[in-house]
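Residue numbers for the sequence shown follow the working numbering, so the first one is 46 and each next one is one higher.
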Amino acid sequence: MKLWHVNTTARGGGVAEILDALCRFPQPESQLTHCRFVTSQNTDVFTATKRIHHRLHGVDRGGLPDEREHAVFLEFAEQNALRLLPRLAAQDTVLLHDPQTLPLAPILAEAGVPVAWRCHIGTAAINNVADETWQYLSRFWPPGITLIFSHQSLVPAQAAEHRVEIVPPSIDPASAKNELMSVTEIGDVLASVGLTGPRSAPVRHDHELVSEGRLGSDPVILQVSRWDPLKDMEGVLRAFAGSALHRSAQLVLCGPSPQSVADDPEAKTVLENVVRQWRGLPTAIRSRAHLVCTALDDEVGNARVVNALQRRAAVVAQRSVQEGFGLTVTEAMLKARPVVATRVGGIPSQIAHNETGLLLRGSAGDDEFSEAVDCLLNDTARASGLGRAAAAHAAQHFTTSREASDHRRIFAPSFHRNEERIG
Ligand code: UDP
């Protein structure tokens, strides 16, 4: 049987990464094969669903879809359901991802297709904004739907009537993003982006670099994230510039070029703000902070840049204001990097404080963040101990094989039980 994963973007962001990995993963005896269906692109829908995304994190950046947007949303769902339905065989199940695709659920259920919805985002701290948004979304849950969340704390009250499953997101250790790289390969990739090497060297790549200096041999602090206000790239740059961190280390902020991510209309503005902030820094600090915009169209190129940066980093930051579950955190952990992250959303289920990384209060200010990073830069034994523990934990709990097994348990339970008996 096939499990059809439906989402809105072929690449860009964590969901696309997970789905690619699941589709590539060897499926024992083809009992459950994963395949993808990417919806059409619709800016009106993505603008409204980006607001929904923020609201599920409790942040009000505009209301719920108004009547017109709601109608456009339904039309979008109908058009895509009509494209998908002829491709489904009798045994197939559809797993919709995130709010953008949710309105397909009642249409597919009506057509007799078993349907599940996986929400990769959310907050444990439900406020009125988040609650009102769950009310809106829950109207699209047909009877019999399976709801999947990344962590128990992210399950909203409205889900109580339905079958709920927990599946922590995973990464693929064999992918170009995570495979081992030699020191030479890392050096070559960083030089090709223009972060190292002679100033006059031509830069051979499609990625954009906003930088006036070179990394040299300094320790690197890294945050890899979409240019999204909830990732707080601005906060990382501000803390770096406003503390002693810039004296001993350099900073790299890496995110996808805004043109690369169709369903993220805010990225351009966030990046412009960070670039403005960077331009306003004193020259000496500015030359030690670097902004990399990856071209996601160059799938392998992007993956290798992220991989090389994560392996080159002395400390990886994830200063998210909200986070369903940070794949960038898992990626850094698997590479044995010490991570300093905020204790928000699913991140505490990824990092045990002081065992597999450091967690900061969600409201931690710049000083607290800088102190935590500084402490790891100055105590390399502690940093590498945390990194090693992180790698062991991520390999055991957060890789594609574990996630593929979760899907067999949920969608092909009889096969999964046999497998467990044999195993
Ligand atoms: N990513 C990337 N290139 C970039 C920035 C991010 O490939 O320039 C990837 C990153 O490696 C991770 C995903 O995008 O796999 C982000 O997933 P995460 O769960 O951290 O955040 P999301 O974007 O889903 O909110």
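Glycine included, every Cβ here is placed at the ideal spot set by N, Cα and C.
Could you check if Thr503 belongs to the surroundings of the ligand UDP, using beta carbon to heavy atom distance under 7 Å?
The question about residue 503 has no answer, for the chain in this structure spans 46 to 468.
On the DSSP bridge list, what partners appear for Trp162?
Trp162 pairs with Leu141 and Leu192.
Complete runs of the alpha helix (DSSP H) confined to the segment 195-263 [at least 4 residues]:
For the segment 195-263, whole alpha helix (DSSP H) runs of length 4 or above, ordered along the chain, are 228-238.
The ligand UDP heavy atom lying under 7 Å from the CB of Asn399
No, Cβ of Asn399 sits at least 7 Å from all heavy atoms of the ligand UDP.
Is Leu64 close to the ligand UDP? I mean its beta-carbon at under 7 Å from any heavy atom of the ligand.
Shortest gap from the CB of Leu64 to any heavy atom of the ligand UDP: 7 Å or more.
Using only the alpha-carbon positions, how far apart do Phe456 and Tyr181 sit?
Each residue's Cα considered, the two are about 27 Å apart.
By the three-class DSSP mapping on this structure, what secondary structure does Gly107 have?
Note: Gly107 maps to coil in three-state DSSP.
Between Ala284 and Val385, what straight-line distance do the alpha-carbon atoms span, to the nearest angstrom?
Between the alpha carbons of Ala284 and Val385 lies a distance of about 13 Å.
Just how far apart, CA to CA, sit Leu225 and Ala437?
Near 15 Å, if we compare the C-alpha coordinates of Ala437 and Leu225.
Is the segment 134-152 touching the segment 163-172, taking contact as three or more C-beta pairs under 8 Å?
Using a C-beta cut-off of 8 Å, the segment 134-152 makes contact with the segment 163-172, since at least three inter-stretch Cβ pairs fall below that distance.
Which of helix, strand or coil DSSP assigns to Gln363
DSSP places Gln363 in strand when its eight states are reduced to three.
Cβ-Cβ distance between Val212 and Asp105 below 8 Å:
Cβ distance not < 8 Å, so Val212 and Asp105 don't count as in contact.
Is it buried or exposed for Arg128, if we count other Cβ within 10 angstroms and need 16 for buried?
By the neighbour-count rule (16 or more Cβ atoms within 10 Å), Arg128 is not buried but exposed.
Among Glu257, Ala205, Leu422 and Glu416, which has the Cα closest to the Cα of Ser293?
Considering only Glu257, Ala205, Leu422 and Glu416, the residue with the shortest C-alpha distance to Ser293 is Leu422.
Local Cβ density within 10 Å of Pro201, reported as buried at 16 or more and exposed below that
A buried status is given to Pro201, since no fewer than 16 other beta-carbon atoms sit within 10 Å of its beta-carbon.
Can you name the residues that DSSP bridges to Thr10?
Not covered by the structure: residue 10. The range shown for the chain is 46 to 468.
Nearest to Lys380 by alpha carbon, out of Ala358, Glu368, Gln322 and Glu448?
Minimum Cα distance to Lys380 is reached at Ala358.
Starting from Lys380, follow the beta strand (DSSP E) in both directions and report where the run begins and ends.
Run containing Lys380: none; DSSP gives neither H nor E here.
Over what stretch of residues does the beta strand (DSSP E) that includes Val51 continue unbroken?
From DSSP, the beta strand (DSSP E) with Val51 extends over Lys47 to Asn52.
Please classify Pro301: does DSSP put it in a helix, a strand, or coil?
In this structure, Pro301 counts as strand in the three-state DSSP scheme.
Considering only their Cβ atoms, is the gap separating Thr401 from Leu431 smaller than 8 Å?
When the beta-carbon positions are compared, Leu431 and Thr401 come within less than 8 Å of each other.
Leaving out five residues before and five after Ser198 in sequence, what residues of the same chain have Cβ atoms less than 7 Å from its Cβ?
Counting only Cβ-Cβ distances below 7 Å, and skipping sequence neighbours, we find Ala169.
Closest to Thr425 by CA distance: which of Ser305, Glu279, Val83 and Pro264 is it?
Checked all of Ser305, Glu279, Val83 and Pro264; the closest Cα to Thr425 is Pro264.
From the DSSP output, in three-state form, read off Ile63 for me.
If DSSP states are grouped into helix, strand and coil, Ile63 belongs with the helices.
For Pro214, count neighbouring C-beta atoms within 10 Å of its own C-beta (all shown protein chains included) and say buried if the count is 16 or more, exposed if not.
Counting Cβ neighbours within 10 Å, Pro214 comes out buried, since at least 16 surround it.
Distance cut-off 7 Å: Asn274 Cβ against heavy atoms of the ligand UDP
Note on residue identity: the sequence assigns Pro, not Asn, to residue 274. Incorrect: Pro274 has no Cβ contact closer than 7 Å to the ligand UDP.
Spatial neighbours of Gln76 within its chain, please: C-beta separation below 8 Å, excluding the five flanking residues on both sides.
Once the five neighbours on either side are set aside, the close Cβ partners of Gln76 are Met46, Arg453, Ala457 and Phe460.
Taking the beta carbon of Pro71 as the centre, do at least 16 other beta carbons fall within 10 Å, making it buried, or is it exposed?
Result: exposed.
Looking only at its own chain, which residues have a Cβ that is under 6 Å from the Cβ of Val269, when we skip the five neighbours before and after it?
The answer, listed in chain order, is Cys299, Val351 and Thr373.
Evaluate Thr445 with the Cβ neighbour count: other Cβ atoms within 10 Å of its Cβ, from every protein chain shown; 16 or more gives buried, anything less gives exposed.
It counts as buried.
From this set, Pro188, Val209 and His79, which residue's C-alpha is nearest Leu48's C-alpha?
Answer by Cα proximity: His79.
Buried versus exposed call for Val228 [16 or more other C-beta atoms within 10 Å across all chains shown]:
Val228 should be labelled exposed.
Nearest chain D C-beta to Lys47 closer than 8 Å, yes or no?
Within the model displayed, chain D is absent; a lone protein chain is all it includes.
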